[in-house]
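>
Residue numbers (the numbering used here): 10 to 373.
#1: How many Å lie between residue 248 and residue 213 at the Cα?
#2: According to DSSP, simplified to helix, strand and coil, what is residue 90?
#3: Kindly confirm or deny that the segment 217-230 and the segment 285-298 touch, where touching means at least three C-beta pairs closer than 8 Å.
#4: Would a C-beta distance cut-off of 8 Å place residue 196 and residue 278 closer than the cut-off?
#5: Out of curiosity, what's the CA-to-CA distance linking residue 43 and residue 365?
#6: Taking the alpha helix (DSSP H) that residue 163 belongs to, which residues open and close that run?
#7: So for residue 99, helix, strand or coil by DSSP?
#8: In the DSSP assignment, what are the bridge partners of residue 182?
#9: Would you grab the beta carbon distance between residue 242 and residue 58 for me? Rounded to a whole angstrom, and I think it's under 8 Å.
#10: Beta strand (DSSP E) containing residue 258: first to last residue?
#11: Report the partner residues of residue 136 according to the DSSP bridge assignment.
#12: If you scan the segment 267-318 from start to end, which runs of the beta strand (DSSP E) of 3 or more residues do you find wholly inside it?
#13: Which residue from 255, 135 and 120 puts its Cα closest to that of residue 293?
#14: Based on the DSSP secondary-structure assignment, which residues constitute the bridge partners of residue 79?
#15: Go through its chain and collect everything with a Cβ distance to residue 48's Cβ below 6 Å, but skip five positions before and after it.
#16: Counting along the chain, where does the beta strand (DSSP E) carrying residue 342 start and finish?
#17: Under a three-way DSSP split, which group does residue 324 fall into?
#18: Return the Cβ separation of residue 55 and residue 229 in integer angstroms, given the expectation that the two are a contact with Cβ distance under 8 Å.
#19: Quickly, what does DSSP pair residue 262 with across the bridge? List them, please.
#20: Please classify residue 260 as buried or exposed, where buried requires at least 16 neighbouring CB atoms within 10 angstroms.
#21: Measure the Cβ-Cβ separation of residue 121 and residue 127 and say whether it is below 8 Å.
This is the structure:
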């Protein structure tokens, strides 16, 4: 109860400050929107995933099209999101918050405020953006409505949608037969038990996707899977009822953005082809049309930090490109890496340019 009260007090104070600031900058936002008319004629792109990778891509994509729908996993149960999920009985806001901020038309100070994490007291580790979403959820009929309101308040380019409105839990069955409950526990237990993931599943297994997700997929020119954690960010979205059916009915090109590095506790020793094979298991006969793979070497001093955690570069092995092409997947190779402060991220600008190029070529 104390935590709940403290969270809500902090949230409402934050809303007051945040909304006041939004009012101040809305005049600028309206002017900017007038300059975006050209983006409205650009391709309709649906991006499916979660985690840091998805939000990084969205930051680049919004410079090329305003017709963006981000469909985000809600299986997260760790960190600040996990606390709010358990304490307030709401869906986890963390991944959605990051995507909203990536697409928001806000000033740097506002973004800094929404990404701010408390460093002490009962709110230690909690982000202000999560609290804002929690408060909006409290004054809305449901989580979907709350996210729509946040989209409007922050002048989001396109829309950010939760993949389901139901309280879902992600499970992983390992090769040794063990079953792990909870998204945040999966990589931990995989490392601890030294057994690879055999499959992931969700409970309840009949969770439905909101109509807005389904309609966006029907209407899309391009559907992008990733980048992001294979088993905990991308595949969970494909487990939600109606998602696969909607992708099958869509005439959109399917693009998979391969990760730059393997992920300890999820994809140790995986190849690019292994990633594709795992996604194909859940796509149930839907063909991936394109795959983006980084082919740029990463500086040794940057890799050292990742090697300590067990992560390795994910590059095409000899003969792997031909195998993928044999499955009618067009392989797009390039320098898709952006390194900042020794952190490896995807180069959202270059990837976005390539995505737009695909659309333009297919329209010829």
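By construction, the Cβ of each residue, glycine as well, lies at the ideal position given by its N, Cα and C atoms.
Taking the geometry as given:
#1: Cα to Cα, residue 248 sits roughly 10 Å from residue 213.
#2: In the structure shown, residue 90 sits in a helix (DSSP, three-state: H, G or I).
#3: The answer is no - the segment 285-298 does not touch the segment 217-230, with fewer than three Cβ pairs under 8 Å.
#4: At least 8 Å separates the beta-carbon of residue 196 from that of residue 278.
#5: With a pLDDT of 45 at residue 43, under the threshold of 50, the modelled position of this residue cannot be trusted; read the value that follows with caution. Each residue's alpha carbon lies about 22 Å from the other.
#6: Annotation: residue 163 is outside any alpha helix (DSSP H) and is labelled neither H nor E by DSSP.
#7: Reduced to three states, the DSSP call for residue 99 is coil.
#8: Under the DSSP definition of a beta bridge, residue 182 partners with 188 and 208.
#9: Contact flag correct, Cβ pair sits at about 5 Å.
#10: If you look at residue 258, you'll find it isn't in any beta strand (DSSP E); it sits in the alpha helix (DSSP H) that goes 252-258.
#11: BP columns for residue 136 point to 126.
#12: Within the segment 267-318, the complete beta strand (DSSP E) segments of 3 residues or longer fall at 299-303, listed in chain order.
#13: Among 255, 135 and 120, the Cα nearest to that of residue 293 is on 255.
#14: 56 and 169, per the DSSP bridge assignment.
#15: For residue 48, same chain residues with a beta-carbon under 6 Å away, outside a window of 5 residues either side, are 74 and 75 in chain order.
#16: Here the beta strand (DSSP E) through residue 342 covers 339-343.
#17: Per DSSP, reduced to three states, the secondary structure at residue 324 is coil, with no helix or strand assignment.
#18: Yes, residue 55 and residue 229 are in contact; Cβ-Cβ is about 4 Å, under 8 Å.
#19: The partner list for residue 262 (beta bridge, DSSP) reads 231.
#20: Exposed, because fewer than 16 other Cβ atoms sit within 10 Å of the Cβ of residue 260.
#21: Cβ atoms of residue 121 and residue 127: not closer than 8 Å.
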